[in-house]
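In the UniProt record's numbering, the protein residues as written are 1 to 161.
Heads up: the structure comes next, in structure tokens.
The structure is reproduced here in structure tokens:
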């Protein structure tokens, strides 16, 4: 549940995943072609996996800060980040395999709601650790920017390099 002190961390990382989806959904035919090409070219596939790993690490780092000091805080952060990326990728790949048919946002929302319902349980000392708990991060990126650049902007905004 969310309280008045700031965004609930699991919801916030799920919202970050929704931003990534928007980049794919803006141009379904391009995204489907990119997906097919990435599956066929091993070098592109390896690169794509490295970008996904960096994206997962950026989410985990944010969650580690939010769960600092909690028992199993690092474990919780890493598991939730992996779950968010897995849920997002599951829905996104299903949409891409259908040639971009259907509502990609609804599919990703369904997957991320599962993650939120699983990992958003209140913790007795889960108060935000952030210096400014109402701090909101907005990343503005050029339409069509490569995913690696968006991840890089998120990392820079969150103070990682």
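By construction, the Cβ of each residue, glycine as well, lies at the ideal position given by its N, Cα and C atoms.
Being a predicted model, the structure only gives us computed values, none of them experimental.
- request: Examine the Cβ distances between the stretch 37-44 and the stretch 13-25 and report whether three or more of them are shorter than 8 angstroms.
  value: Fewer than three Cβ pairs drawn from the stretch 37-44 and the stretch 13-25 lie within less than 8 angstroms of each other, which leaves the two stretches out of contact.
- request: Use the C-beta contact count for residue 188: other C-beta atoms within 10 angstroms, 16 or more gives buried, fewer gives exposed.
  value: In the structure as shown, the chain begins at 1 and stops at 161. Residue 188 is therefore absent and cannot be evaluated.
- prompt: When the Cα atoms are used, what is the spatial distance from residue 106 to residue 74?
  reply: On the chain shown, residue 106 is found 106 positions in, with the first residue counted as 1. On the chain shown, residue 74 is found 74 positions in, with the first residue counted as 1. Their backbone Cα atoms lie some 30 angstroms apart in a straight line.
- prompt: Helix or strand or just coil, what does DSSP make of residue 27?
  reply: Residue 27 sits at position 27 when you count from the first residue of the chain shown. Three-state result, residue 27: coil.
- request: Out of 117, 72, 141 and 85, point me to the one whose CA is closest to residue 54's CA.
  value: What you label residue 54 is simply residue 54 of the chain shown in a count that begins at 1. Per the Cα distances, 85.
- prompt: Which residue from 28, 8 and 17 puts its Cα closest to that of residue 102?
  reply: Numbered from 1 along the chain shown, position 102 holds the residue referred to as residue 102. Here the closest residue by C-alpha is 28.
Where residue 126 sits in the DSSP three-state scheme: In the chain shown, the residue the question calls residue 126 occupies position 126. At residue 126 the pLDDT is 44, less than 50, meaning the model places this residue with poor confidence; the figure from the coordinates comes in the next sentence. Residue 126: coil per DSSP, three-state reduction.
- request: Note the first and the last residue of the continuous alpha helix (DSSP H) segment covering residue 73.
  value: For this step, residue 73 is matched to residue 73 along the chain shown. 73-97 is the extent of the alpha helix (DSSP H) around residue 73.
field: Cα-Cα separation between residue 143 and residue 98, rounded to whole angstroms
entry: Within the chain shown, residue 143 is the residue found at index 143, counting from 1. Within the chain shown, residue 98 is the residue found at index 98, counting from 1. Spanning the two alpha carbons is a distance of roughly 23 angstroms.
field: Cβ-Cβ distance between residue 114 and residue 87 below 8 angstroms
entry: Start at 1 with the first residue of the chain shown, and residue 114 comes out as number 114. Start at 1 with the first residue of the chain shown, and residue 87 comes out as number 87. Yes. Within cutoff.
- request: Please say whether residue 57 and residue 67 have beta carbons closer to each other than 8 angstroms?
  value: On the chain shown, residue 67 is found 67 positions in, with the first residue counted as 1. On the chain shown, residue 57 is found 57 positions in, with the first residue counted as 1. No, they are not a contact pair.
- request: Tell me where the alpha helix (DSSP H) around residue 138 begins and ends.
  value: By 1-based counting over the chain shown, the position of residue 138 is 138. Element bounds for residue 138: n/a, residue is neither H nor E.
message: Quick check: what's the CA-CA separation for residue 146 versus residue 71?
response: Locating residue 146 in the chain shown gives position 146, counting from the first residue. Locating residue 71 in the chain shown gives position 71, counting from the first residue. In a straight line, the C-alpha of residue 146 is about 37 angstroms away from that of residue 71.
query: Using a Cβ-Cβ cut-off of 8 angstroms (strictly less than) and excluding sequence neighbours within five positions of residue 12, which residues of its own chain qualify?
result: In the chain shown, residue 12 corresponds to position 12, counting from 1. When the five nearest sequence neighbours on each side are left out, the beta carbons in the same chain lying within less than 8 angstroms of the beta carbon of residue 12 are those of 62, in order along the chain.
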